[in-house]
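For any residue, its number in my numbering is found by taking its place in the sequence shown, counting from 1, and adding 150.
Heads up, the thing below is written out as structure tokens.
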Amino acid sequence: MASPRRVVLIACGSYNPVTNMHLRMFELARDSMNRTGRFKVIGGVISPVGDQYEKKDLQPAKHRCNMLRESLTSSDWIRMDTWECEQPSWSRTALVLRHHQAILDGAATNNTNNPAPSKRRRREVNRDYINEDDNANHNIRNKSDNSVNLRLLCGADLLESFGTPGLWSEEDIEYIVGKHGLVCITREGSDPRKFIYESDVLTKYEDNIHILTEWIHNDISSTKIRRSLRRGDSVKYLLQDCVIDYVNKHGLYGTTVDKKMEQDQPNTSKKQMSKKSDKNVSESYKQRKRTGMRRL
């Protein structure tokens with residue numbers, strides 16, 4: 151029997167702010183793909199868009215990334231990557247996937263719009279994407295017959311957006327679905343297979359589209375979260391507590407800055423807070439290393 155194909159899931163979006171459902175999607179996708187016996191999900195990547203992405207109420211990337219970083223401290227297999235939001239201009243999803251696949255392949259790219267990752271960068275990501283057991287049995291850079299497949303994790307709305315005239319180029323759709331493939335999470339009542347049938351390019355690569363249904367209905371969206379925050383309504387249990395604290399501390403999405411949180415550390419400068427954060431991250435990494443876990 152052939153060995154399961156190793157997969158890294160990647161999700162792109164604004165994460166404005168990151169919700170529990172954004173993170174839940176990764177867990178659902180990993181369970182569903184691993185259950186087939188044909189795949190083994192070894193990592194997950196969240197890639198937030200940059201500030202150049204023109205969207206109403208989009209908070210600066212530094213805030214969105216900080217909230218993501220806080221929300222992922224409890225995960226040992228999902229990581230945030232800031233490459234996309236560090237680019238000088240908005241990056242198409244196809245370019246983001248090409249960048250990450252180049253890292254996984256350990257190969258440089260000649261695309262001038264998508265600079266080749268440095269050796270150090272490839273080494274760091276290859277290390278983080280593969281846990282110790284995988285690394286002992288497989289070498290991502292030397293085993294061409296056991297390469298890692300980067301798959302785009304999305305909701306049914308993104309799949310259906312492929313049919314919106316002028317929104318996606320046919321070339322990008324063919325590259326994303328043909329080269330990488332999709333893991334599409336849908337809801338009861340939607341019919342992505344009908345949409346695939348009606349699209350020639352999606353039908354051509356339908357074997358690369360893994361569809362799963364979220365049976366536990368949870369209609370959480372960043373748009374509704376922002377609306378609730380503007381109105382002063384509670385969003386507890388919709389966002390992680392650390393994200394809610396960050397929103398209140400910085401007065402994001404129309405909230406009032408929590409003066410009490412500011413007064414908790416009256417004599418702490420931004421530089422001191424940064425050093426403390428770096429120390430905590432370092433200690434956390436050492437602890438994961440001792441227990442055989444890798445932060446992704």
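Built from N, CA and C at the ideal position, the CB exists for glycine as well.
Sheet register partners of residue i (DSSP bridge)
i	result
K190	R156
K374	None, per the DSSP bridge assignment.
R161	The sequence as given places Ala at residue 161; Arg does not occur at that position. DSSP output for A161 lists I196 as bridge partner(s).
R301	L159
K386	L389
E364	R337
I359	L332
Closest Cα partner of residue i within the set the options
i	options	result
N398	T223, K190, L159, P167	P167
E364	I160, R174, P154, V157	R174
L362	E177, G193, R155, R248	E177
S153	N184, A244, D255	N184
S371	L245, T232, N170	N170
L388	V158, H172, E348	H172
L300	C235, T314, L332	L332
G193	R377, V246, R380, W227	W227
N483	D231, F189, R377	The first residue shown for the chain is 151 and the last is 446, placing residue 483 beyond what the model contains.
R381	H360, Y403, I366, H367	Y403
R475	H367, I375, I160, T186	Nothing can be reported for residue 475: it is not among the residues displayed for the chain, which extend from 151 to 446.
I335	G163, S182, V158, S164	S182
V246	R214, Q209, P210, I196	I196
R377	D207, S311, V191	D207
T405	L317, Y347, Q209	Q209
E473	I366, R180, K212	Within the shown structure, residues of the chain are numbered from 151 to 446, placing residue 473 beyond reach of any answer.
S349	G316, E310, G163	E310
R156	V298, N368, Y396, I346	V298
L254	V158, P198, K344, E234	V158
R248	Y347, S384, D322, H367	D322
Extent of the continuous beta strand (DSSP E) to which residue i belongs
i	result
R337	332–337
R229	228–230
T353	No beta strand (DSSP E) contains T353, which is instead part of the alpha helix (DSSP H) from 350–354.
Residue i - containing alpha helix (DSSP H), residue span
i	result
T405	Where T405 is concerned, there is no enclosing alpha helix (DSSP H), given that its DSSP letter is neither H nor E.
T243	243–255
R174	170–185
E204	Here E204 belongs to no alpha helix (DSSP H), and DSSP marks it neither H nor E.
L308	306–311
C215	211–221
D322	320–325
Any C-beta of chain B under 7 angstroms from that of residue i
i	result
Y355	Absence of chain B from the displayed structure is noted, only one protein chain being present.
So, do the stretch 195–210 and the stretch 221–241 have three or more beta carbon pairs nearer to each other than 8 angstroms? yes
contact_flag[the stretch 337–351, the stretch 297–314] where n(CB pairs < 8 angstroms) is 3 or more: yes
Cβ contact (3+ pairs, closer than 8 angstroms) linking the stretch 350–357 and the stretch 319–335: yes
If contact is defined by three or more beta carbon pairs under 8 angstroms, each pair taking one atom from either stretch, is the stretch 213–227 in contact with the stretch 383–394? yes
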